[in-house]
Every structure is written in structure tokens, then in C-alpha cells.
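**Student:**
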């Protein structure tokens, strides 16, 4: 949806896609791009082996409480964050992103470190999806929090901006919820000069209770020539995008 509008989605956290990388390489725009992604996986395999670790270890206690039984299940969810469009490029950590469309950035499987690389690569908005209620936030690029279940969204309403749990709790389709998220992001794109209160009202009406400080930041960012969006999260649904003059990243 967002890529179709000229946006760029940047998926990151290389160890998080281990075992599911073939789902991304099959979408590579050419052989060289696919080989670059495989090369990243091989580097991480060597790195973990040298440090007496492994890439296919068990999920963390938090992952297990969230319903995951193997690390490969988590990898499938991580790969799903990349949507369905062609893989247009593979970047090193914090390397400036120049391609439009879906791309991948090498980074550790750790939210703060991963987002740091995405922001350094040019992203100035973070869309963070969480199922267990991560309190993640970022500067200088602000974070939009997307809750994957309604119970947690209500319990942490002051920290969550969009409730994606309504897909189950209210029967809203995935496509419709995606359009609502896209609408929020696109209406915070460069060139919009509405007051922060109007941004706040629009985001709330689209399904979330966005804190006023986020709206204020967006009012400032909207006056910039270029707006880059980074997305990250710990759950199944994640999104990152760039509109005609904005760039997005997904971790």
C-alpha cells in the first residue's frame, strides 16, 4: 500500500529472519541482491559460532509467553513484516538508504540498536509494533506505537497509538486496518501544515490515542522537505514506509 505510493520500507534485524530468509531472497529484484542478503546470514552464522553461540537457539521467555514455540516461528513473523513487494536492495548497518520500495538493512536483533541504524540511514519516523507492551521510544525520530492486541492497547492506552487488535476483537479486516495505518502515516507526510491539534484528532479517529507530543513533533516534521519513516516491533505485524518524499524503515 505505502510502497505503491512511492514509499520505501526498510526491514532490519538480520538474526530475526534466520531460517526464513528464503522468503525474502525469492523476492529479490536480481541475483546480486539476493546474494547480499544470504551473505549477511552467513556472516551472523560465523559471528555466533566464533562466540560459541548459535543462530537457531530457543526463543526468549517473553517470546514463549507470547505464544512462540521455536525461533523459526519468530523468524516467519519477522519476514512477514516486509510485506509482499520486491526486495529492491540490501544495506549495511546505518548505510544511507537510496532505493525506493522494500529494502533490508543489516542490524542486530535488538530494537534500540536496530532503530539507531535505521535513523542513521535516514529515517525520521518509527512505527513500532508490539504485542507484549514494549515501552520503546526514540529520538530524534518519534515513535508511533502499534498494539497487536486490544487488551494491551487498553491497558497501555497512554503509550499505544493504534490498536491493530481490532482485527480480532472487532472483526476488522487486515486490509482495512492496513489502509487505516497507511492513512495515518500519509496524513503525517511532508507538506501538511495543519496544527498539531488537527493531527491529534485525525490520528485518534483512525484508531489510536496519540499523545499530543507526537502530534507536535509531526507538525514540525511536516514542514521539512524530506520525511523518512522507520518501523520496528516485537510482534507479527510491522510496517515501514516512505511516501513520494518520505522514507520508511522496518526493524
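In the numbering used here, the protein residues as written are 16 to 266. Backbone N, C-alpha and C fix where the C-beta goes; we use that ideal spot for every residue, glycine too. Just so you know, these numbers come straight off a predicted model, no measurement behind them.
(1) Given that a residue counts as buried once 16 or more other Cβ atoms are within 10 Å of its Cβ, and exposed if not, what is residue 90?
(2) Counting along the chain, where does the alpha helix (DSSP H) carrying residue 125 start and finish?
(3) Measuring CB atoms only, is the region 86-104 touching the region 112-130, in the sense that at least three cross pairs come out at less than 8 Å?
(4) Report yes if the C-beta distance between residue 133 and residue 53 is below 8 Å; otherwise report no.
(5) So what does DSSP say about residue 189, is it helix, strand or coil?
(6) To which residues of the same chain is residue 50 closer than 6 Å at the C-beta, ignoring the five residues directly before and after it?
(7) Beta strand (DSSP E) containing residue 95: first to last residue?
(8) State yes or no: is the C-beta of residue 102 within less than 8 Å of the C-beta of residue 42?
(9) May I have the straight-line CA-CA distance separating residue 82 from residue 164, to the nearest angstrom?
(10) Give the straight-line distance between the Cα atoms of residue 39 and residue 104, rounded to the nearest whole angstrom.
(11) With 16 as the cutoff for other CB atoms within 10 Å, does residue 153 come out buried or exposed?
**Tutor:** With the structure as the only source:
(1) buried
(2) Residue 125 -> no alpha helix (DSSP H), and no H or E assigned at all.
(3) yes
(4) no
(5) helix
(6) none
(7) Counting along the chain, residue 95 falls outside any beta strand (DSSP E), though it belongs to the alpha helix (DSSP H) covering 86-95.
(8) yes
(9) 13 Å
(10) 11 Å
(11) buried
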